[in-house]
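In this note's numbering, the protein residues as written are 477 to 911. Working notes, beginning with the structure itself.
Rendered as structure tokens:
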């Protein structure tokens, strides 16, 4: 982050830490859903359907995320970015901590999965408001020539959260017997969230408000109903943000969540194999995402983004054959290259989506476009992948599904303008609006 002002670096650090904690909470649930929730909360079903039901509760968060984006986006455009970011972190942390305390089906019956799904819904609300605020705070501070790089740092929170969540679950899995891990070991990382959230809150309350929002507030230009105005004036931007995200989400959750189901269920391998492979790839993403964000400042958002789309579409046909070898080095290679292609898409994505909307509507517009795509993208990707493999008995069907989703993303990029050179201080005049 050299070349940034101290205040910009402080904002980026606060966004990175807070977003990492949010995604830590989110991925804890996703990973636990593939490994233990089926056995704990749906024990009366066969293993396949129990896993599907556990992943269905996981998908509840993706339904909640657009609602969180709407609610928190409204207040982010009306009351400011900083206040909303503190609230979203608190909402996510409390829900995650309570999941760690939740009794299983054997203790309270059907109330257990109902409460599990409810808390997952609350997690989705928090994350739905988090992403837009963290990205926008980083984007709206600092040099216009470094927006792609600055905005990519909250994106680093995804692999950072995954690394932290997976590492803790892996340690618990390795140090405990299967029975102990199932009984209480999986709960420890969830309960730790309560402590980690306090750290994130302490960092966030010390940052200043976005200067671009402060100017909107000073001039009295705030929108009274931001989402309504977004729908009326920015339909093309919403469509582009929505479609540009779908393939990225489907590919990511296939590469990081379905891989665990496929390796443990279809290939009969230990859960640590998939966890470690994805852990290595995610650690590499910590470096690659900001590098691709910086590259988008030089050559444009769409070029870097599209390169990642093409790379993922090609690699998915090598991904499953490498898993089928049951060789850890080749499985790790499959995950690493897959997540390199994801980093190329994810690095410029934050700036690309946020820059599509004017400052007075940016929180609502970016959050809505990004989060709605999560429902038809990552929310159901592992479920569709499981059903496709179950129906056709081949991973080729899953690969084709990923490619179709990536093709939709390519269309979203094609209908969007190149946003790198837009002057965000110019108000609505330079921002693409009606189709």
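The beta carbon of each residue, even a glycine, is placed where N, CA and C say it ideally should be. All figures in this text were calculated on a predicted structure; none of them were measured in a lab.
Residue i: first and last residue of the uninterrupted alpha helix (DSSP H) it sits in
i           : result
residue 517 : 514-517
residue 763 : 747-775
residue 502 : 482-508
residue 582 : 581-584
residue 700 : Here residue 700 belongs to no alpha helix (DSSP H), and DSSP marks it neither H nor E.
CB-CB length for residue i against residue j, believed under 8 Å
i           : j           : result
residue 611 : residue 836 : Rounded, the Cβ-Cβ distance is 16 Å, inconsistent with contact.
residue 792 : residue 878 : 5 Å
residue 575 : residue 666 : 5 Å
residue 551 : residue 616 : At roughly 16 Å, the Cβ-Cβ gap does not stay under 8 Å, so residue 551 and residue 616 are not in contact.
residue 785 : residue 882 : 5 Å
residue 862 : residue 737 : 6 Å
residue 492 : residue 633 : 6 Å
residue 739 : residue 757 : Not really, about 14 Å apart at Cβ, beyond 8 Å.
Backbone secondary structure at residue i - three-state DSSP
i           : result
residue 802 : coil
residue 557 : helix
residue 618 : coil
residue 426 : Coverage of the chain is limited to positions 477 through 911, which leaves residue 426 absent and any answer about it impossible.
residue 550 : helix
residue 544 : helix
residue 538 : helix
residue 744 : coil
residue 785 : helix
residue 683 : coil
Rounded straight-line distance, which links the Cα of residue j to that of residue i
i           : j           : result
residue 446 : residue 781 : No answer is possible for residue 446: the residues shown for the chain start at 477 and end at 911.
residue 768 : residue 584 : 48 Å
residue 894 : residue 886 : 14 Å
residue 724 : residue 653 : 36 Å
residue 695 : residue 555 : 14 Å
residue 789 : residue 604 : 27 Å
residue 599 : residue 570 : 9 Å
residue 847 : residue 681 : 25 Å
residue 542 : residue 659 : 34 Å
residue 489 : residue 559 : 17 Å
residue 819 : residue 728 : 10 Å
residue 831 : residue 899 : 9 Å
residue 825 : residue 587 : 39 Å
residue 664 : residue 608 : 29 Å
residue 805 : residue 619 : 42 Å
residue 487 : residue 494 : 11 Å
Minimum Cβ-Cβ distance from residue i to chain B less than 8 Å
i           : result
residue 545 : Given the protein chain composition of this structure (a single chain), no chain B is represented.
4-residue-minimum alpha helix (DSSP H) runs that sit fully inside the segment 627-681, ordered along the chain: 663-680
Whole alpha helix (DSSP H) elements within the segment 714-741, 4-residue minimum: none
Segments of 4+ residues assigned as alpha helix (DSSP H) that fall wholly inside the segment 818-905: 838-852, 857-868 and 872-890
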